[in-house]
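Visitor: If you want my numbering, it's the position in the sequence shown, counting the first as 1, plus 100. Backbone N, C-alpha and C define an ideal beta-carbon position, used for all residues, glycine too. Bear in mind that the values here come from a model prediction, so they are computed numbers and not experimental data. Sharing a structure here in structure tokens format.
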Amino acid sequence: MSCYHCGLPIPDRAFYPVTISGREERMCCIGCQAVATAIVDGGLESFYRFRTEANSRPDAEQTLAIERWRVYDLPEVQSEFVLELDEHQRQASLLLENITCAACSWLIEKHLHSQPGVRSVTVNMVTHRCTLVWDADQQPLSELLLELAAIGFTPHPATDKHQQDLLRHENRLALMRLGVAGFGMMQVGMLAVYIYTGATGEWLHFFRWISLLLVTPVVLFSSWPFFRGAWIGLRRNNLTMDVPIALGIGLAYIASAWATVSGGGEVYFEAISTFAFFLLAGRYVEMRARHKNRQGFGNLAQLMPLTARRLDETEETLVPVKSLRPGERVLVRAGETFPCDGRVQTGHSAAMEALLTGESRPVPKTAGDPVIAGTLNSDSPLTVEVVATGAGTRLSAIERLVDQAARDKPWQVALADKVARYFVAAVLVVCSAVFAFWWWYQPDRALWVALSVLVVTCPCALGLAMPTALAAATTNLRQRGFLVARGHVLEGLTRVSRVIFDKTGTLTKGSFVLEEVRLCDSMPREQALAISAALEASANHPLAAAFEPWRGESQATDVRQYTAAGVEGRVEGRRYRLGNNEFAAEILPTQAPPPAPDDKLWLLLCSEEKPLAWFAVADEVRPGALQLVQQLTREGLAVELLSGDRSGAVAELAGVLGIKDFRAGASPEDKLTRLREVQAAGDRVLMMGDGINDVPVLSGADVSVAVASASDLAQTKADSVLLNDNLTTLAAAITLSRRTRRIIAQNLGFSLSYNLLALPLAAAGMVAPWVAALGMTASSLVVVLNAMRLSRGGAGEGVH
């Protein structure tokens with residue numbers, strides 16, 4: 101007897117029964133008995149009805165042990181794979197063993213949903229990845245991991261190491277399948293030469309039997325993924341591309357085996373092995389491209405070092421990175437990777453940020469400058485104050501956006517899958533009609549003609565046309581510093597007709613500098629600047645940074661800040677105000693404020709007696725802003741500037757950049773109203789912003805882009821994130837999206853044309869099965885290689 105759970109033989113005298121659906125079933129060991137009992141006690145007996153394969157045999161000690169899982173309740177351990185969503189909820193990323201079919205995913209989700217602390221569970225059957233959200237106050241993680249182990253799916257933290265192990269296993273198994281198919285193809289092909297060049301009698305029978313033995317591993321091992329995929333699809337009432345492949349290989353093998361055993365009829369062993377080899381070769385190329393794309397913009401944790409040099413008062417200590425806390429200091433030597441997000445305290449160096457931002461040149465770093473975890477310190481040692489570690493770093497935020505993009509299936513891919521299903525159904529109908537005709541016309545050729553039709557029309561190229569191109573383009577954009585976080589971005593960029601920009605922090609850097617000083621009185625220039633710097637010393641708004649070089653020369657007391665107006669305080673006992681002219685002039689004996697000199701952003705310094713000085717502050721324009729606006733305008737896209745800034749700086753910036761449509765003093769509601777107006781008029785809108793006030797309009801735009809310095813909320817609501825300061829990257833993204841659309845059109849056109857041309861030839865009996873296999877695989881390879889052109893440069897400098 102075999103074990104009802106794992107299928108292995110039951111040892112003599114072993115008796116581990118479990119009652120399932122009213123019948124007593126026997127298990128081979130206490131481990132399988134424990135797992136089956138847990139499934140039954142959870143009311144999930146249907147799992148055994150739906151499963152397509154026997155389950156792996158669990159380790160009884162692991163199944164029953166509790167202490168092993170309690171270590172995962174420690175915050176230090178959870179920091180590697182658990183994200184804190186709010187005060188109570190946590191999200192864990194897990195890799196699960198022993199997932200064999202869709203029923204396994206169903207069982208995991210059903211069983212965990214029965215736990216009181218679980219809020220959501222999603223299982224990816226392809227990657228064996230599980231995303232678990234639970235309430236840590238209601239249930240510890242160790243109990244949930246124990247529940248997974250109890251039903252036979254041993255969990256592991258989805259760290260980079262485990263992910264890399266999974267990719268290596270997938271690659272090794274694919275190579276083994278390809279190698280077996282290649283060996284079988286060569287040997288069976290050699291024997292086919294003898295069979296087709298005159299072997300007769302006993303020699304013909306002998307060569308056929310040897311061919312059968314050689315091709316059997318190709319069918320049972322190398323071709324197993326096709327049979328498994330077809331079976332799963334049919335159980336779900338879904339016609340996948342594996343269905344015609346499995347039918348072709350299976351029918352040809354059965355017919356050839358029967359012809360060999362009975363001693364009559366045709367054999368197709370060389371066609372089977374050739375078909376399997378070339379198909380596996382095409383899928384291996386696609387798999388390697390998928391792995392490359394995943395490694396290109398995912399698994400970013402591999403950039404992080406394991407240890408850091410923490411600086412105490414008197415010594416330097418090598419500690420694990422996960423033990424660092426905000427406020428501590430670390431030493432990062434030249435050639436080392438920054439272990440945290442931080443701020444430089446001492447030293448002068450440069451950081452290589454190309455892997456995260458796409459910026460190929462070293463970025464200078466001095467005291468006060470921010471550094472990003474995972475980037476490289478290239479020149480000299482730096483002392484860095486820790487700001488964020490682990491899941492709080494910008495690197496982790498980017499990785500979460502990448503995972504979100506991977507889960508968000510573009511509508512084009514969904515459409516291609518749907519079209520492929522109808523295409524497969526049509527192929528099966530046509531193949532049946534061709535077989536019926538040839539069975540009536542020439543029965544001895546009916547099987548191989550139908551087999552050729554089945555193989556030559558397999559829509560593998562159709563299924564690969566879109567996802568491969570989209571993945572390659574997404575990787576290219578990631579390398580340029582443009583992170584796609586939603587599936588519709590690439591298609592949306594091709595349809596955009598209007599681009600709306602925020603001003604401060606988007607087209608400008610949001611860091612103000614003092615541009616001009618105009619004195620209204622005999623007070624010396626340096627004294628006026630010192631008083632202004634003292635008033636702004638405790639302010640946290642961007643304008644205060646313009647006076648930072650003069651801080652410390654004077655001290656202010658009784659300082660009060662007035663939102664959107666200015667600041668008031670006392671310096672050496674005298675009362676001063678600094679801000680817009682209406683606010684500052686309120687303390688003057690006469691209430692009429694003096695007019696600002698021109699349309700620049702001017703701040704007025706006043707005492708209680710008289711106005712003292714005007715200060716013009718300017719926000720530095722981001723690199724590439726002018727080139728971006730010019731490129732978009734040349735291509736006929738409408739460009740608009742909406743800013744909450746009420747000063748004349750909005751009009752000045754619009755004039756510098758050549759933007760005709762602009763509006764100052766726009767509230768979040770005003771921006772959203774304007775967005776809806778232009779959308780109602782037929783425009784497809786791309787919105788680019790950075791602040792919390794931009795979140796409503798970012799959410800409502802057809803395509804939204806958050807800049808690198810954007811707030812966390814803005815980045816999570818945006819469809820994409822610009823990771824560097826060069827705005828021309830946006831133009832390159834639009835160009836690449838249009839190129840991607842052309843590549844997809846080429847791929848679809850080629851795959852459909854190939855099928856339409858090859859079908860009549862195959863139906864007429866003019867294409868042998870092995871030629872059909874070669875043609876089908878060649879079409880898939882052409883589509884994949886054409887799509888992979890998008891992973892290299894070629895996006896150009898502007899919109900084309």
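Taking the continuous alpha helix (DSSP H) assigned at R838, which residues delimit it?
Guide: The count along the sequence shown starts at 1 and reaches residue 838 at position 738. Run containing R838: T828 to A863, per the alpha helix (DSSP H) assignment.
Visitor: Grab me the residues of G894's own chain with a C-beta within less than 6 Å of its C-beta, minus the 5 sequence neighbours each way, in chain order.
Guide: Numbered from its first residue, the sequence shown carries residue 894 at position 794. Confidence is the limiting factor: at G894 the pLDDT is only 49, short of 50, which leaves the residue's position unreliable and the question unanswerable from this model.
Visitor: Starting from Y116, trace the beta strand (DSSP E) both ways and give me its first and last residue.
Guide: One-based indexing of the sequence shown puts residue 116 at position 16. From DSSP, the beta strand (DSSP E) with Y116 extends over Y116 to I120.
Visitor: When you compare only the Cα positions, how much space is there between S638 and E653?
Guide: Your numbering for residue 638 matches position 538 in the sequence shown. Your numbering for residue 653 matches position 553 in the sequence shown. Going from the Cα of S638 to the Cα of E653 covers about 14 Å.
Visitor: Would F647 and A665 be called neighbours here (beta carbons separated by less than 8 Å)?
Guide: For this step, residue 647 is matched to residue 547 along the sequence shown. For this step, residue 665 is matched to residue 565 along the sequence shown. The answer is no: Cβ separation not under 8 Å.
Visitor: To which residues of the same chain is F438 closer than 8 Å at the C-beta, ignoring the five residues directly before and after it?
Guide: One-based indexing of the sequence shown puts residue 438 at position 338. Only V432, A451, V471, I472, A473, G474, T475, L476, N477 and V484 meet the Cβ criterion.
Visitor: Quick one: give me the first and last residue of the alpha helix (DSSP H) that H305 is part of.
Guide: Within the sequence shown, residue 305 is the residue found at index 205, counting from 1. G301 to P317 is the span of the alpha helix (DSSP H), which, as asked, contains H305.
Visitor: Are L775 and G800 touching if we call contact CB-CB under 8 Å?
Guide: On the sequence shown, position 675 is the one that residue 775 refers to. On the sequence shown, position 700 is the one that residue 800 refers to. Yes, the Cβ-Cβ distance between L775 and G800 is below 8 Å.
Visitor: Residues in the same chain with beta-carbon distance under 8 Å from P405, minus the five sequence neighbours each way, listed in chain order, please.
Guide: In the sequence shown, residue 405 corresponds to position 305, counting from 1. Taken in chain order, the residues that qualify are V421, E436, T437 and P439.
Visitor: If we ignore side chains and look at the alpha-carbon of each, how far apart do S311 and A526 end up?
Guide: Locating residue 311 in the sequence shown gives position 211, counting from the first residue. Locating residue 526 in the sequence shown gives position 426, counting from the first residue. Going by the C-alpha atoms only, they are around 33 Å apart.
Visitor: Find out if the Cβ-Cβ distance for the pair V315, S362 is shorter than 8 Å.
Guide: Within the sequence shown, numbered from 1, the residue matching residue 315 stands at position 215. Within the sequence shown, numbered from 1, the residue matching residue 362 stands at position 262. No; because the gap between Cβ atoms is not below 8 Å, this pair is not in contact.
Visitor: Under 8 Å between the Cβ atoms of M788 and F601?
Guide: Counting from one through the sequence shown, the residue named residue 788 turns up at place 688. Counting from one through the sequence shown, the residue named residue 601 turns up at place 501. Yes, these two residues count as a Cβ contact at 8 Å.
Visitor: Can you tell me whether DSSP reads T163 as helix, strand or coil?
Guide: Taking the sequence shown and counting its residues from 1, one reaches residue 163 at position 63. Legend: pLDDT at T163 = 48, less than 50; position of this residue unreliable, no value from coordinates given.
Visitor: Does the stretch 725 to 744 touch the stretch 825 to 832, meaning 3 or more C-beta pairs lie closer than 8 Å?
Guide: In short, these stretches touch, since the Cβ pair count reaches three.
Visitor: If you follow the beta strand (DSSP E) that L786 is part of, which residue opens it and which one closes it?
Guide: In the sequence shown, counting from the first residue as 1, residue 786 sits at position 686. Counting along the chain, the beta strand (DSSP E) containing L786 begins and ends at V785 to G789.
Visitor: Based on the DSSP secondary-structure assignment, which residues constitute the bridge partners of T608?
Guide: In the sequence shown, the residue the question calls residue 608 occupies position 508. V721.
Visitor: Would you mind sorting Q238 into buried or exposed? The rule is 16 or more other CB atoms within 10 Å of its CB.
Guide: Here the question's residue 238 lines up with position 138 in the sequence shown. When all chains shown are included, Q238 counts as exposed.
Visitor: Considering just the uninterrupted stretch of the alpha helix (DSSP H) at K771, what are its terminal residues?
Guide: Within the sequence shown, the letter at position 671 stands for residue 771. Unbroken alpha helix (DSSP H) run through K771: P768 to A780.
Visitor: Hey, out of Y104, L890, E636 and L267, whose CA is closest to T671's CA?
Guide: As a first step, residue 671 must be located in the sequence shown, where it is residue number 571. Here the sequence assigns Val to residue 671, which means Thr is not the residue at that position. The shortest Cα separation from V671 among Y104, L890, E636 and L267 belongs to E636.
Visitor: Tell me which residue opens and which closes the beta strand (DSSP E) that I759 is part of.
Guide: Taking the first residue of the sequence shown as position 1, residue 759 is located at position 659. Looking at the DSSP string, I759 is not in any beta strand (DSSP E), and its letter there is neither H nor E.
Visitor: Could you give the first and the last residue of the continuous alpha helix (DSSP H) run that contains Q627?
Guide: Within the sequence shown, the letter at position 527 stands for residue 627. That run of the alpha helix (DSSP H) goes R625 to E636.
Visitor: According to DSSP, is N399 helix, strand or coil?
Guide: Taking the sequence shown and counting its residues from 1, one reaches residue 399 at position 299. Unreliable placement is indicated for N399, whose pLDDT of 46 sits below 50; the coordinate value is still reported in the next sentence. Correct three-state label for N399: coil.
Visitor: How should M876 be labelled, buried or exposed, when 16 other C-beta atoms within 10 angstroms of its C-beta is the threshold for buried?
Guide: On the sequence shown, residue 876 is found 776 positions in, with the first residue counted as 1. M876 comes out buried.
Visitor: Tell me which residues share the same chain as T574 and place their Cβ nearer than 6 Å to its Cβ, disregarding the 5 neighbours each side in the sequence.
Guide: Counted from its first residue, the sequence shown places residue 574 at position 474. Hits under 6 Å: V584.
Visitor: Given a threshold of 16 other Cβ atoms within 10 Å of its Cβ, counted over all protein chains shown, does F326 qualify as buried or as exposed?
Guide: If you number the sequence shown from 1, residue 326 lands on position 226. Result: buried.
Visitor: Report yes or no: do the stretch 842 to 850 and the stretch 531 to 548 share at least 3 C-beta pairs separated by less than 8 Å?
Guide: Taking 8 Å as the limit for Cβ pairs, the verdict is that the stretch 531 to 548 does not touch the stretch 842 to 850.
Visitor: Can you give the Cα-Cα distance for S193 and A550, rounded to whole angstroms?
Guide: By one-based count along the sequence shown, residue 193 stands at place 93. By one-based count along the sequence shown, residue 550 stands at place 450. One C-alpha to the other measures close to 47 Å.
Visitor: Please classify P543 as buried or exposed, where buried requires at least 16 other C-beta atoms within 10 Å of its C-beta.
Guide: As a working mapping, residue 543 is identified with position 443 in the sequence shown. Flag for P543 reads exposed.
Visitor: Using the beta-carbon count (16 or more within 10 Å), is I349 buried or exposed?
Guide: Taking the first residue of the sequence shown as 1, we reach residue 349 at position 249. Counting Cβ neighbours within 10 Å, I349 comes out buried, since at least 16 surround it.
Visitor: Report the rounded CA-to-CA distance for V140 versus I120, giving the unit in angstroms.
Guide: One-based indexing of the sequence shown puts residue 140 at position 40. One-based indexing of the sequence shown puts residue 120 at position 20. The alpha-carbon atoms of V140 and I120 are separated by roughly 7 Å.
Visitor: Going by other Cβ atoms of all chains shown within 10 Å of its Cβ, with 16 needed for buried, is H105 buried or exposed?
Guide: By one-based count along the sequence shown, residue 105 stands at place 5. With 16 or more other Cβ atoms within 10 Å, it is buried.
Visitor: Is the beta carbon of S322 closer than 8 Å to that of R277?
Guide: As a working mapping, residue 277 is identified with position 177 in the sequence shown. As a working mapping, residue 322 is identified with position 222 in the sequence shown. Contact: yes.
Visitor: Can you tell me which of the three DSSP states Y104 falls into?
Guide: For the purposes of this step, residue 104 is identified with residue 4 of the sequence shown, where counting begins at 1. Of the three classes helix, strand and coil, the one that applies to Y104 here is coil, per DSSP.
Visitor: Which same chain residues end up closer than 6 Å to L547 when comparing Cβ atoms and leaving out the 5 residues on each side of it in sequence?
Guide: Counted from its first residue, the sequence shown places residue 547 at position 447. If we look at L547 and ignore the five residues flanking it on each side, its Cβ neighbours are A355.
Visitor: Taking the C-alpha atoms as reference points, what is the distance between E184 and T489?
Guide: Walking along the sequence shown from the start, residue 184 turns up at place 84. Walking along the sequence shown from the start, residue 489 turns up at place 389. Roughly 13 Å separates the two Cα atoms.
Visitor: Leaving out five residues before and five after K465 in sequence, what residues of the same chain have Cβ atoms less than 7 Å from its Cβ?
Guide: Position 365 of the sequence shown, counting from 1, holds the residue named residue 465. For K465, where only same-chain residues beyond five positions count, the Cβ hits under 7 Å are V444, S449, A450, A451, V471 and L482.
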